[in-house]
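Undergrad: Numbering (UniProt numbering), first residue to last: 1 to 645.
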Amino acid sequence: MPQPIQPFAVVDVGSNGIRFTIFSAKERHLPVLYRERVGISLFKEKKPSGDGEDRTLTLPKEALERVGMAFTRLKRLTVEAGVQETLVVGTETVRLLGNEEDLTRIIQEASGWSLQALSSADEARYGALGVIATTGASSGIIVDLGGGSVQCSHLTLSHDSESPGSTSPKVQVGWPVRSLPYGAAAVMARLEEARLDGLEKKRSRRGSKGSSWAILSGFKGLRKNSQESKGTSPSPPSPPSPQDPSESDEDVSLVMEKAVKHSLLQLMDTWGMVEAMPIPTNPHRDGEETHPTDETKREEEGETDETTKDTVIIPKRCYLTGGGGRAMGYLIMHVTNAPLKLIEGWTLPISTVLEYMDGWDKDVRKGVAPRGLPPVQRILGVSKRRLAQLPAILLILGQVLSVLRDRGVREVSWSMGGMREGLAYGKLLSSQERLVESPVLSTLQAWLKVHGGGIVAPVEARALVRTIQSDLHLQLHHPRRSLGGMLSLEEQPTVHVMEMAIQLSQLGSSLPPDNEEARSRYAASFFLSDGEGASWNGLEHRERVALAIILSSRWSKICPIDPDTLTLLDPIEQGRCQGIGRILSLILSTCPTSLDPILAGRTRLSWEVQEGDGKVKKDGTRKRRVLLTTLDKEESPKSSIAIPW
Numbered sequence: 001m002p003q004p005i006q007p008f009a010v011v012d013v014g015s016n017g018i019r020f021t022i023f024s025a026k027e028r029h030l031p032v033l034y035r036e037r038v039g040i041s042l043f044k045e046k047k048p049s050g051d052g053e054d055r056t057l058t059l060p061k062e063a064l065e066r067v068g069m070a071f072t073r074l075k076r077l078t079v080e081a082g083v084q085e086t087l088v089v090g091t092e093t094v095r096l097l098g099n100e101e102d103l104t105r106i107i108q109e110a111s112g113w114s115l116q117a118l119s120s121a122d123e124a125r126y127g128a129l130g131v132i133a134t135t136g137a138s139s140g141i142i143v144d145l146g147g148g149s150v151q152c153s154h155l156t157l158s159h160d161s162e163s164p165g166s167t168s169p170k171v172q173v174g175w176p177v178r179s180l181p182y183g184a185a186a187v188m189a190r191l192e193e194a195r196l197d198g199l200e201k202k203r204s205r206r207g208s209k210g211s212s213w214a215i216l217s218g219f220k221g222l223r224k225n226s227q228e229s230k231g232t233s234p235s236p237p238s239p240p241s242p243q244d245p246s247e248s249d250e251d252v253s254l255v256m257e258k259a260v261k262h263s264l265l266q267l268m269d270t271w272g273m274v275e276a277m278p279i280p281t282n283p284h285r286d287g288e289e290t291h292p293t294d295e296t297k298r299e300e301e302g303e304t305d306e307t308t309k310d311t312v313i314i315p316k317r318c319y320l321t322g323g324g325g326r327a328m329g330y331l332i333m334h335v336t337n338a339p340l341k342l343i344e345g346w347t348l349p350i351s352t353v354l355e356y357m358d359g360w361d362k363d364v365r366k367g368v369a370p371r372g373l374p375p376v377q378r379i380l381g382v383s384k385r386r387l388a389q390l391p392a393i394l395l396i397l398g399q400v401l402s403v404l405r406d407r408g409v410r411e412v413s414w415s416m417g418g419m420r421e422g423l424a425y426g427k428l429l430s431s432q433e434r435l436v437e438s439p440v441l442s443t444l445q446a447w448l449k450v451h452g453g454g455i456v457a458p459v460e461a462r463a464l465v466r467t468i469q470s471d472l473h474l475q476l477h478h479p480r481r482s483l484g485g486m487l488s489l490e491e492q493p494t495v496h497v498m499e500m501a502i503q504l505s506q507l508g509s510s511l512p513p514d515n516e517e518a519r520s521r522y523a524a525s526f527f528l529s530d531g532e533g534a535s536w537n538g539l540e541h542r543e544r545v546a547l548a549i550i551l552s553s554r555w556s557k558i559c560p561i562d563p564d565t566l567t568l569l570d571p572i573e574q575g576r577c578q579g580i581g582r583i584l585s586l587i588l589s590t591c592p593t594s595l596d597p598i599l600a601g602r603t604r605l606s607w608e609v610q611e612g613d614g615k616v617k618k619d620g621t622r623k624r625r626v627l628l629t630t631l632d633k634e635e636s637p638k639s640s641i642a643i644p645w
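(1) Which first and last residues belong to the beta strand (DSSP E) in which T86 is found?
(2) Is it right to say N99 is buried, meaning 16 or more other beta carbons lie within 10 angstroms of its own, or is it exposed?
(3) In terms of DSSP beta bridges, what is H154 paired with?
(4) What is the rounded straight-line gap between the Cα of R542 and the Cα of L569?
(5) V368 by DSSP, collapsed to three states: which one?
(6) Please decide whether V260 counts as near chain B, where near means a Cβ-Cβ distance under 7 angstroms.
(7) On the criterion of 16 or more Cβ atoms from any shown chain inside 10 Å, does E123 qualify as buried, or is it exposed?
(8) From A548 to D564, what does the alpha carbon distance come to, in whole angstroms?
(9) Per DSSP, what kind of secondary structure is K258 in: helix, strand or coil?
(10) Can you give the Cα-Cα distance for K84 and F8, rounded to whole angstroms?
(11) Does the separation of the CB atoms of R420 and T21 fall below 7 angstroms?
(12) Let me know if R371 comes out buried or exposed under the rule of 16 or more other beta-carbons within 10 Å of its beta-carbon.
(13) Could you give the DSSP three-state label for P280: helix, strand or coil?
(14) Please list the terminal residues of the continuous beta strand (DSSP E) segment that includes Q116.
(15) Please work out which residues of its chain come closer than 8 angstroms, Cβ to Cβ, to Y330, disregarding the five sequence neighbours upstream and downstream, and give them in chain order.
(16) So the candidates are D363, E109, A81 and L59; which of them puts its Cα closest to the Cα of T93?
(17) Could you tell me how far apart the beta carbons of L584 and I502 are, in whole angstroms, since I believe they sit closer than 8 angstroms?
(18) Roughly how many whole angstroms lie between the Cα atoms of L595 and E460?
(19) By Cβ distance, which residues of its chain are closer than 7 angstroms to G367, with the 5 residues on each side in sequence left out?
(20) Give every residue of the same chain whose Cβ lies closer than 6 angstroms to the Cβ of A518, excluding the five residues on either side of it in the sequence, and list them in chain order.
(21) Pull the bridge partners of E517 from the DSSP assignment, please.
(22) Exposed or buried, N337, counting other C-beta atoms within 10 Å across all chains shown (16 or more means buried)?
(23) In terms of alpha-carbon separation, which member of L87, S442 and W346 lies closest to S529?
(24) Give every residue of the same chain whose Cβ lies closer than 6 angstroms to the Cβ of T443, excluding the five residues on either side of it in the sequence, and list them in chain order.
(25) Under 8 angstroms, with one C-beta from each stretch per pair, do the region 396–406 and the region 110–118 reach the 3-pair mark?
(26) Using the three-state DSSP reduction, which class does S253 fall into: helix, strand or coil?
(27) Using the Cβ count rule (16 or more neighbours within 10 Å means buried), how would you classify P374?
(28) How many whole angstroms separate the CB atoms of T593 and L628, which I take to be in contact at a CB cut-off of 8 angstroms?
(29) So what does DSSP say about V545, is it helix, strand or coil?
(30) Could you spell out where the beta strand (DSSP E) holding E608 opens and where it closes?
(31) Under 8 angstroms Cβ to Cβ from E516, same chain only, skipping five residues before and after it: list those, please.
(32) Could you give the DSSP three-state label for residue 654: helix, strand or coil?
(33) Looking only at its own chain, which residues have a Cβ that is under 7 angstroms from the Cβ of L267, when we skip the five neighbours before and after it?
(34) Just to confirm my understanding: we take L74, look at its own chain, exclude 5 residues before and 5 after, and list those with CB closer than 7 angstroms. What are they?
(35) Measuring only the C-alpha atoms, how far is G533 from A524?
(36) To the nearest angstrom, how far is the alpha carbon of V412 from that of V252?
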């Protein structure tokens with residue numbers, strides 16, 4: 001008997017807003033029933049209260065009343081949705097409130113829920129879990145830039161020694177985490193404070209650049225607040241002498257950059273990440289054996305310290321999340337006119353990201369509008385409040401990504417996962433063994449249960465991939481999970497791309513049978529920006545295009561995908577994906593109701609050599625013919641299909 005659906009809710013009381021999500025079930029892919037953001041910025045609402053050592057930052061009565069009204073509505077939504085369990089957590093801003101008790105009381109009275117202020121370590125840990133929940137990553141640097149703080153996590157994977165040789169070994173995850181008090185809103189407030197302080201000093205001392213002591217005291221106060229008593233605001237130190245150039249004449253933003261960089265370098269040291277180390281990779285997924293060369297074996301196993309025998313894995317990828325992190329991704333997506341308007345799974349070289357950021361940073365420092373960013377036009381995924389924090393976002397991420405680049409990180413990938421997804425995944429699922437499950441494969445199985453899976457089950461899909469590999473001698477590689485994401489194209493479609501495509505091979509079959517072009521268009525659009533699968537987490541943009549080509553080619557030789565989107569794959573990769581799609585078309589036309597003939601070996605695939613075979617075309621592919629031969633004389637005769645390969 002199927003288990004009843006048990007929706008649950010998570011509320012994140014953060015610096016820039018109150019975020020609310022109802023998850024419809026406790027499944028690996030965390031299906032969302034409803035989500036909402038309440039536009040109450042606790043960071044902006046905070047007001048100073050008291051004098052001297054008793055000075056604190058508190059929420060005024062009016063702000064508390066607005067929070068209470070918002071929670072009354074959220075409670076009503078959970079009742080209507082049948083939610084039985086709700087988690088309410090607060091982050092950096094809540095931790096530092098002088099009247100946190102008043103906020104807790106208001107929320108309790110309005111909803112009956114208890115507010116839990118997470119520690120900085122828990123905030124970083126759950127943020128990292130959110131990235132795992134949406135990407136399926138098992139290794140990487142996770143940077144979550146919020147309003148009040150930035151969380152940095154080093155996610156590493158190791159296999160349980162108690163299950164050697166297992167095809168699905170238990171995975172142990174370790175993650176040194178750190179929450180640094182350099183959120184976008186917090187840093188922007190310090191910059192603005194220093195700017196106003198500089199204007200005042202210029203009025204009284206003409207020609208001076210202004211002192212950086214205010215910004216320095218701000219950072220010292222932030223550190224003290226996060227390390228000592230909550231809610232207090234220590235009095236600033238005495239300003240340095242105007243005659244001291246090391247203090248009074250130093251550029252404020254430079255001081256802040258040094259503070260961020262210093263904190264991050266200390267964190268890198270605790271992780272064992274040093275400059276100029278090679279970038280190793282973890283074993284292939286699902287226990288698939290690899291045969292590395294002597295040259296690459298050392299990299300794949302990681303660097304080992306001879307004194308401690310500890311393996312230090314230097315990840316290739318940084319995952320950016322949080323409001324500030326995603327805003328930077330959306331801005332680059334806007335100026336580059338990225339083919340897919342999806343932030344989840346978008347990946348760029350870290351050098352490219354820093355190049356755009358450096359250009360914008362120079363413009364901001366000159367006091368001019370950042371190039372390519374319209375001052376009025378609405379930018380997808382970026383609010384006006386977030387755009388106003390651009391100087392701070394550039395400062396923080398510029399230092400963070402520069403340090404990571406110097407430590408061997410090569411690329412940046414954006415994730416929609418955050419605190420709510422991390423809490424749901426980590427606290428409610430609480431199964432560490434499920435960390436290796438792919439969110440997109442979990443979503444696929446849930447979708448197939450509702451829409452029907454056609455003739456191909458997951459086990460049959462894997463078997464068919466092995467048959468295609470064996471019969472046609474294809475060297476399809478397995479994705480390296482440690483590099484992030486589920487898949488990685490290297491001219492050939494990966495095993496897991498093919499498994500997904502095979503299970504979705506009937507996509508479009510509900511459309512009129514005499515209109516194959518319509519079926520092809522529907523299948524091609526499924527995983528792209530406007531398709532039903534656009535919301536499926538765990539796929540990178542290149543993987544989406546690969547699936548689009550395979551699924552559309554299963555129905556038609558004509559590719560309906562626009563040229564800009566196709567550029568995400570090179571011509572050889574496009575040809576391979578089209579070839580796989582045509583092979584699926586051949587198989588399913590010959591075995592339309594069951595794959596038993598080909599899986600049982602009664603039907604075999606082979607290459608048919610003919611005149612012109614082997615002639616390389618301009619796009620790097622060859623026109624070859626795949627032959628499907630029936631060994632049983634009583635069944636249908638052989639058939640074939642020409643494909644680019």
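We put the beta carbon where it would ideally sit given N, CA and C, even for glycine. Please read these numbers as outputs of a predicted model, since none were measured by experiment.
TA: Checking against the coordinates, here is how it stands:
(1) E85 to G90
(2) buried
(3) I141
(4) 6 angstroms
(5) coil
(6) Checking the listed chains, one finds no chain B in this structure; it contains a single protein chain.
(7) buried
(8) 14 angstroms
(9) helix
(10) Checking the sequence shown, residue 84 turns out to be Gln, not Lys. Taking the straight line from one Cα to the other gives about 6 angstroms.
(11) yes
(12) exposed
(13) Unreliable positioning characterises P280 in this predicted model, as indicated by a pLDDT of 30, which lies under 50. A coordinate reading is not provided.
(14) L115 to A117
(15) I343, I379, L380, G381 and V382
(16) L59
(17) 7 angstroms
(18) 8 angstroms
(19) none
(20) L511
(21) Answer is none; E517 lacks a bridge partner.
(22) exposed
(23) W346
(24) H29 and W536
(25) no
(26) helix
(27) exposed
(28) Not a contact, Cβ separation roughly 16 angstroms.
(29) helix
(30) T603 to E608
(31) W555 and S556
(32) Only positions 1 to 645 of the chain appear in this structure, which leaves residue 654 out of reach.
(33) C152 and R178
(34) V11, F20 and S111
(35) 11 angstroms
(36) 28 angstroms
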